[in-house]
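In our numbering, the protein residues as written are 866 to 960.
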């Protein structure tokens with residue numbers, strides 16, 4: 866949001882909720898609004914439980930994601946395949 870001139874202090878935060886599912890449930894119950902990824906609300910929008918509202922002047926927001934693993938533990942073969950796929954999709958060769 867800061868990239869679009871919106872400072873956190875401009876927003877009125879009334880609650881911090883621990884999961885996407887709980888946020889959606891709170892919005893469905895009429896407790897407020899939220900910003901969530903389109904993918905996380907896709908089914909809710911399709912069935913009419915939630916609606917999306919465009920934010921004027923903001924076409925897309927990006928956020929960083931991190932691949933994490935347990936310290937001092939080798940990745941499983943399946944996790945290695947997943948890691949290679951993620952790196953390939955990102956156009957990277959290694960971390």
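Glycine included, every Cβ here is placed at the ideal spot set by N, Cα and C.
Does residue i pass the burial test, meaning 16 or more other C-beta atoms within 10 Å, or should it be called exposed?
i: residue 918; result: exposed
i: residue 889; result: buried
i: residue 946; result: exposed
Looking at the structure shown, is residue i part of a helix, part of a strand, or coil, going by DSSP?
i: residue 873; result: helix
i: residue 885; result: helix
i: residue 944; result: helix
i: residue 951; result: helix
i: residue 913; result: coil
i: residue 892; result: helix
i: residue 908; result: helix
i: residue 878; result: coil
Can you give the beta carbon distance from residue i to residue j, rounded, assuming they're within the 8 angstroms contact cut?
i: residue 892; j: residue 902; result: Going by Cβ atoms, the distance from residue 892 to residue 902 rounds to 14 angstroms, so no, they are not a contact pair.
i: residue 957; j: residue 948; result: Not confirmed; about 10 angstroms, so no contact.
i: residue 897; j: residue 910; result: In fact, because the Cβ distance is near 17 angstroms, the residues do not count as touching under 8 angstroms.
Whose CA, out of the options, lies closest to the CA of residue i?
i: residue 934; options: 912, 882, 884 and 944; result: 944
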